[in-house]
Amino acid sequence: MVDKPFTVTLSQARELDALAKAKGLLLSVFHNRSWDSDFLPLKGLLAAGELGEVRYFESHFDRFRLEVRQRWREMKGAGSGIWYDLGPHLLDQALQLFGPPVAINVDLAEMRPGAQTTDYFHATLTYP
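When we follow our numbering, the leftmost residue of the sequence shown carries the number 15, and every step to the right adds one.
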């Protein structure tokens with residue numbers, strides 16, 4: 015079991031997958047937000063058909079701090095930034111609720127003064 019994000023590159027993902035298969039192990043990604051008290055009831059309502067056809071869904075985390083901290087997720091480097099930190103949670107939930115999208119568009123930016131990596135993202139998932 016690995017924490018999110020699974021890997022930073024596709025080649026790393028393939029390497030881990032091959033290693034797990036060679037050793038006969040199950041490879042899985044842990045997403046703690048899959049068990050949130052706001053997400054589970056929504057998942058149940060959708061599965062039961064209680065909400066009808068969903069035409070629009072929006073999910074977000076509001077976490078803006080002007081101060082840039084000296085933490086891995088706020089320092090320049092592979093796998094850092096808000097997209098790698100919080101994006102996997104939102105993507106995992108969307109995949110669980112609606113399945114794979116036909117397209118994903120992501121806008122990334124550095125908004126705070128002194129930001130060393132992305133601290134803003136907006137992702138749009140398109141479904142048929």
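Think of the CB as a built atom: it goes at the ideal place given N, C-alpha and C, for glycine as much as any other residue.
{"Query": "Pair within 8 Å by beta-carbon distance, residue 137 and residue 101", "Result": "yes"}
{"Query": "Secondary structure of residue 44, DSSP reduced to three states", "Result": "strand"}
{"Query": "Cβ contact check for the region 92-106 and the region 44-52: 3 or more pairs under 8 Å", "Result": "yes"}
{"Query": "Residue 124 to residue 97 span [Cα, whole Å]", "Result": "11 Å"}
{"Query": "Nearest-angstrom beta carbon gap, residue 121 and residue 112 [assumed within contact, 8 Å]", "Result": "In fact, because the Cβ distance is near 20 Å, the residues do not count as touching under 8 Å."}
{"Query": "Whole-angstrom distance between residue 37 and residue 70, CA atom to CA atom", "Result": "42 Å"}
{"Query": "Cβ shell of residue 22 (< 8 Å), same chain only, five flanking positions each side left out", "Result": "92, 93 and 98"}
{"Query": "Residue range of the unbroken alpha helix (DSSP H) whose run includes residue 98", "Result": "96-112"}
{"Query": "Nearest-angstrom beta carbon gap, residue 89 and residue 131 [assumed within contact, 8 Å]", "Result": "7 Å"}
{"Query": "Enclosing beta strand (DSSP E) for residue 121 [first to last residue]", "Result": "117-123"}
{"Query": "Member of 35, 77, 95 and 76 whose CA lies at the smallest distance from the CA of residue 85", "Result": "95"}
{"Query": "N- and C-terminal bounds of the alpha helix (DSSP H) containing residue 61", "Result": "53-61"}
{"Query": "Residue 139 (DSSP reduced to helix, strand or coil)", "Result": "strand"}
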